[in-house]
Amino acid sequence: MTWRPIRRMLLILSLTASLMGFSSAAQSAQSGSTPIRYDARTHVFRIDAKNVSYIFGVNAAGELQSIYWGARLGTSDPFPQPHALPGWASFDPSVNTTPQEFTGWGAGLYTTPDLKITFPDGNRDLVLHYVSHTIDGDDLTVTMQDIERKVFVVLDYRIDESTGILRRSATIENRTGKPFTIEESFAATWNLPPADDYRLYDLTGRWAGEWNLQRQALHPGKVVLESRRGPTSHANNPWFAIERGSSDDQDHGQVWFGALGWSGNWQIAVEQTQARQVRVTGGFNPFDFGYVLAPGESLKTPYFYAGYTSHGIGEASRLLHRFEIAEILPHHPHPPLRPVVYDSWEATGFQVNEAGQEALAEKAASIGVERFIMDDGWFGQRNDDHAGLGDWYPNPQKFPHGLGPLIAKVHSLGMSFGLWVEPEMVNPDSELYRKHPDWVLHFPGRPRSEERNQLVLNVARPDVKAYVFHTLDSLLSKNRIDFLKWDYNRNWSEPGWPAAAPDQQKKVYVQYTRNLYSILQELRARHPHVEIESCSGGGGRVDLGILRYADEVWPSDNTDPFDRLSIQNGFTYAYTPGIMMAWVTDSPNWVNNRVTSLTYRFLSSMQGALGIGANLNKWTPADFAKARALVAQYKTIRATVQRGALYRLISPLHGSEHSATEYVARDGKQVAVFAFLHSSQMGYPYPRLYLRGLQAGARYRLHMLDGQASPDTPAAASGAYWTSAGIQLILRGDFQAAAFTLEREP
Ligand code: GLA
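Residue numbering for the sequence shown follows our numbering, beginning at 1 and increasing consecutively.
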């Protein structure tokens, strides 16, 4: 359908802005079981999936007006036809007070625009109105156009019927016949229902200190979450959740949440407008952005995903976990479980060689490890972090016969083989840099700032893209490698692309990340058995964009098992524990010099995807025996931890002495619980744990994996009992931990 005839009709309808019944809307909507319906009479789009309804429409002005996003409504619930809201005096035109799905910067818009363009004649006014739409199953596309110029924006909406999570993006098309410059380009704006009592959650951090959960009340003004660093960043993660009211309850309360799928510079702006409306706008970071769109070209934004629940922040994360597994991760909806890994980094650093790694591999295999990963140090002239990045061939002194013998040994021990790479980087002391000094991000004549003695290859360049792809393709073709730990150990500086025309150089922010995705996609297609971990000095590149190509992530270089409790806690607000690698390393830990028992370290790591990074050459026979037992136990609960529903029983935040998590298996048959004590004080007992997510009438049998429960704890009891009477663990002392399972009786 096209806009012109509708506009006339809308003008008449808007004058009679009456309450419309949605059942009649539904009847006049398209037939079939699509979750997306359009009512041609009221010009309203309605999306219903799971427990969510999302409604917007075309108002008489032609604006795409947001109407409702929240708990699922009855099909016959009334809803007013969209009509632009009045402005506020002469200072806030109606475009600011009317919540809109996607706005161009023009016509007195003061809220964050989704799109801002400078035209070659200096004109910068952009007003987008509805033109047409199509509905196809779970997909809706709405086309908008500037009121005068042939600038088209195609908005994509896709609903996930099992979680009610929506995916949105925008594609900007230049049909004007002349190039123009896109200065700001967001994927979408999400409008929340009018309310004054919203609180924003977000995740902040730094290297070795990622995933700090922050919470703040929203006030008029804007909170900007972003990366200006090139990659996703440790500092802010592209995730948000907004809760109504101020309950500290994990499982009650209304929560709107979302995440961006982009691994380059991004921004999420959370704004409370002067009309007290809360809007969340996310996409490419407008900072230093400038994308010249030639006639006939288009620019597609990243995906911005968002969902709603009335069951609290805990359920918001469970929905995201389910969504990531079902829709995002490679091999979705059934991504394989993570193997138990060993990684050499903390044990041998750069000092890797064939004999040393083989010896470690034998020891790792003896405790039940399923994948052996050789970390940094194996290639080029790499003896420390000063040289070698870029030269991806085995170091001839360390591996005189290539990687073949080590890989064969690892395979013969029944483990898969993983290798560390950092393919987007180069050390100036490398053959690659000596040959191609122009391949790095830089501005001519300006210093090239090194971090960790390395520079960033400009993957936006076609030749660099081809080099990175062919290097890895040949590494994977020549060696029986099963897994790549793909690292990225610095942020950008001097992001110049001198080989491109001056007006094209800022495209580096988009083209770099697109090329990275395309390399990953093609490598996966050519080597389908190879799995990939996204690592960036720990958690610097974790987002729903990279997760379409990465099977797992390294959340932090901080492996202190106590710090990990809060790191892992924050991580799981946005991402599933099924991709959260967690290694058991040496004690005292290098980060805090903290001493902890092997059991404490294991139980901390067993809350995610278990790995071992300790120097096994220093372990005693007792350590091996303990580790063997715990690895075996982990395998019995792995599916529950990696795929189950996570309930946070006690938060480790705000100096808490305690922390406890519970995982309920998908089929409800197994429950795994982990409990940690920082240090006993005044002789108080460990807090009693009241479990969640159980079937009240079913019977569950208790198995202690490690630690003790109070002697009067029943061997088996109903779900109602474990939920309401709870369980008393005996945990006393410093850095103590316990774990148990409940197995549902048939
Ligand atoms: C990064 C990673 C570590 C390790 C080192 C190797 O810091 O996060 O796990 O691989 O690089 O240099």
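Just so you know, even glycine gets a beta-carbon here, dropped at the ideal spot from N, CA and C. Since the structure is predicted, the reported quantities are computational estimates derived from the model, not experimental observations.
What do you reckon, are the CB atoms on residue i and residue j nearer than 8 Å?
i      : j      : result
Tyr663 : Ala675 : no
Gly290 : Phe304 : no
Thr281 : Thr204 : no
Val584 : Ser605 : yes
Gly106 : Val127 : yes
Ile159 : Asp138 : yes
Asn479 : Gly404 : yes
Val410 : Ala361 : yes
Gln454 : Leu547 : no
Ala739 : Leu520 : no
Tyr700 : Gly719 : yes
Thr118 : Phe180 : yes
Asn615 : Ala208 : no
Identify the continuous alpha helix (DSSP H) that holds residue i and give its terminal residues.
i      : result
Ser317 : 312–323
Thr348 : 345–348
Trp378 : Run containing Trp378: none; DSSP gives neither H nor E here.
His133 : Unbroken run through His133 is the beta strand (DSSP E), 128–136; no alpha helix (DSSP H).
Tyr512 : 508–526
Tyr634 : 621–643
Arg564 : 563–574
With a threshold of 7 Å on Cβ separation, who are the neighbours of residue i within its own chain once the five nearest residues in sequence on each side are excluded?
i      : result
Val459 : Glu424, Lys465, Val468, Tyr512, Asn515, Leu516
Ser66  : Phe56, Pro99, Gln100, Glu101, Asn191
Ser493 : Ser449
Gln759 : What is shown of the chain runs 1 to 746, which leaves residue 759 out entirely.
Asn383 : Phe350
Gln642 : Leu337, Arg338, Pro577, Gly578, Ala609
Pro394 : Trp378, Phe379, Gly402, Leu403
From residue i to residue j, what distance separates their C-alpha atoms?
i      : j      : result
Ile650 : Pro220 : 32 Å
Asp197 : Trp256 : 13 Å
Ser28  : Thr112 : At Ser28, the pLDDT of 32 sits below 50, so the modelled position is not reliable; the number obtained from the coordinates is stated separately. Taking the straight line from one Cα to the other gives about 35 Å.
His331 : Val426 : 31 Å
Gln30  : Ile172 : Note that Gln30 scores a pLDDT of 38, beneath 50, so its modelled location is shaky and nothing firm can be said.
Glu243 : Arg167 : 20 Å
Ala40  : Glu161 : 23 Å
Met704 : Pro561 : 21 Å
Gly349 : Glu358 : 15 Å
Glu531 : Glu346 : 22 Å
Asp48  : Thr75  : 9 Å
Ser366 : Ala195 : 58 Å
Phe735 : Ser597 : 8 Å
Phe379 : Arg228 : 31 Å
Asp586 : Val671 : 29 Å
Glu522 : Cys535 : 19 Å
Arg276 : Arg688 : 42 Å
Glu745 : Gln607 : 24 Å
Leu225 : Leu85  : 29 Å
Asp121 : Tyr38  : 38 Å
Leu155 : Val278 : 21 Å
Gln267 : Arg124 : 22 Å
Gly307 : Val52  : 8 Å
Asn236 : Arg318 : 21 Å
Gln274 : Glu148 : 29 Å
Trp262 : Glu533 : 16 Å
Asn212 : Val542 : 14 Å
Gly108 : Phe91  : 9 Å
What does DSSP give as the partner residues of residue i in its beta bridges?
i      : result
Ser298 : Glu173
Asn212 : Thr204
Phe240 : Gly258
Val673 : Glu662, Phe740
Ser679 : Asp734
Ser66  : Phe56
Phe180 : Leu293
His703 : Thr741
For the beta strand (DSSP E) containing residue i, list its first residue and its last residue.
i      : result
Leu225 : 221–227
Phe56  : 52–58
Leu813 : The chain is shown only over 1 to 746; residue 813 falls outside these bounds and no answer can be derived.
Glu271 : 266–272
Which residues in the same chain have their Cβ closer than 8 Å to the Cβ of residue i, if we skip the five residues on either side of it in sequence?
i      : result
Ala780 : Nothing in the structure corresponds to residue 780, since the chain is present only between 1 and 746.
Leu115 : Phe102, Thr103, Gly104, Trp105, Leu126, Leu128, Val153, Ala170, Ile172, Ile182, Glu184, Ser185, Phe186
Which same chain residues end up closer than 6 Å to residue i when comparing Cβ atoms and leaving out the 5 residues on each side of it in sequence?
i      : result
Gly230 : Asn491, Trp492
Gly177 : Pro295
Asn589 : Asp560
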